[in-house]
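J.:
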Amino acid sequence: MYFLANDTNLVPIFIALICITVPVIILALIIFIKMIVKNMKKMRAAKEEVDYEILFGGKDNIVSIEVVLSRVNVEVKDVDKVQLDELKNQGIGILISGNMVKCSNQSFADKVNNSLKK
122 MYFLANDTNL VPIFIALICI TVPVIILALI IFIKMIVKNM KKMRAAKEEV DYEILFGGKD
182 NIVSIEVVLS RVNVEVKDVD KVQLDELKNQ GIGILISGNM VKCSNQSFAD KVNNSLKK
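The opening position of the sequence shown corresponds to residue 122 in my numbering, with each subsequent residue numbered one higher.
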C-alpha cells in the first residue's frame, strides 16, 4: 500500500481491479461448488439399486403399498421381518404404527413406488 500513498493516480485502477476480480473469483467458486454437488448426486444415483422388497421382509410379507406425496405407507404382515436398520441407513425416516411402516423421503417414495409396484 506504500505505492498508493505516493501515487494517487493508481487508486482508481486498484479499486477497479478489486471490483472486477472479487466477483469473478466468487462466481468461479459458486460454479465449482455446483459442479461438485451435481457429480455427487450422479454418484449417489449410480449406486447399486436396493431391493426394497427384501427390506420389507419379502413379497409375501407386503400386504399393500400406498405412496402419498413424499411418504410411503407399506402395510406388512410381520413388522419383525422388516429391516428397519437398513432402511434407516438409506436415510429414510420411519414411523411404525401397528402393521404399517411409514417411510418419509421423496426420492425413496419414487424408488419404492417403481420397485415394489411391479
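Here a beta-carbon is modelled for each residue, glycine too, at the ideal position from N, C-alpha and C. For clarity, every value in this text was computed on a predicted model and none was experimentally measured.
For I146 and K202, what's the separation of their Cα atoms in angstroms?
T.: Position 25 of the sequence shown, counting from 1, holds the residue named residue 146. Position 81 of the sequence shown, counting from 1, holds the residue named residue 202. Approximately 54 angstroms, taken between the alpha carbons.
J.: Counting only the same chain and skipping the five closest in sequence on each side, list residues whose C-beta sits under 6 angstroms from that of Q211.
T.: Here the question's residue 211 lines up with position 90 in the sequence shown. Excluding sequence neighbours, Q211 sits near nothing in its chain.
J.: Using 8 angstroms as the threshold, is the segment 212 to 225 in touch with the segment 186 to 198, meaning 3 or more CB pairs across them?
T.: Because the criterion of three Cβ pairs below 8 angstroms is met, the segment 212 to 225 and the segment 186 to 198 touch.
J.: Label L148 either buried or exposed according to how many other C-beta atoms from any shown protein chain fall within 10 Å of its C-beta, with 16 as the threshold for buried.
T.: Indexing the sequence shown from 1 puts residue 148 at position 27. Exposed is the call here.
J.: Measuring only the C-alpha atoms, how far is L208 from I152?
T.: One-based indexing of the sequence shown puts residue 208 at position 87. One-based indexing of the sequence shown puts residue 152 at position 31. So the two alpha carbons sit approximately 34 angstroms from each other.
J.: Looking at the secondary structure, which residues open and close the alpha helix (DSSP H) in which N210 lies?
T.: Within the sequence shown, numbered from 1, the residue matching residue 210 stands at position 89. Its alpha helix (DSSP H) spans residues 205 to 210.
J.: Where in the segment 167 to 195 do unbroken runs of the beta strand (DSSP E), each at least 3 residues long, occur, reported from the N-terminal end onward?
T.: DSSP runs (the beta strand (DSSP E)) wholly in the segment 167 to 195: 183 to 189.
J.: Give the straight-line distance between the Cα atoms of S185 and P144, rounded to the nearest whole angstrom.
T.: For the purposes of this step, residue 185 is taken as the residue at position 64 of the sequence shown. For the purposes of this step, residue 144 is taken as the residue at position 23 of the sequence shown. Spanning the two alpha carbons is a distance of roughly 54 angstroms.
J.: Out of V200, L190, V189, point me to the one whose CA is closest to I183's CA.
T.: Your numbering for residue 183 matches position 62 in the sequence shown. If we check each option's Cα against that of I183, V200 comes out closest.
J.: How is the beta strand (DSSP E) around I213 delimited, first residue to last?
T.: Walking along the sequence shown from the start, residue 213 turns up at place 92. From DSSP, I213 is part of no beta strand (DSSP E); its letter is neither H nor E.
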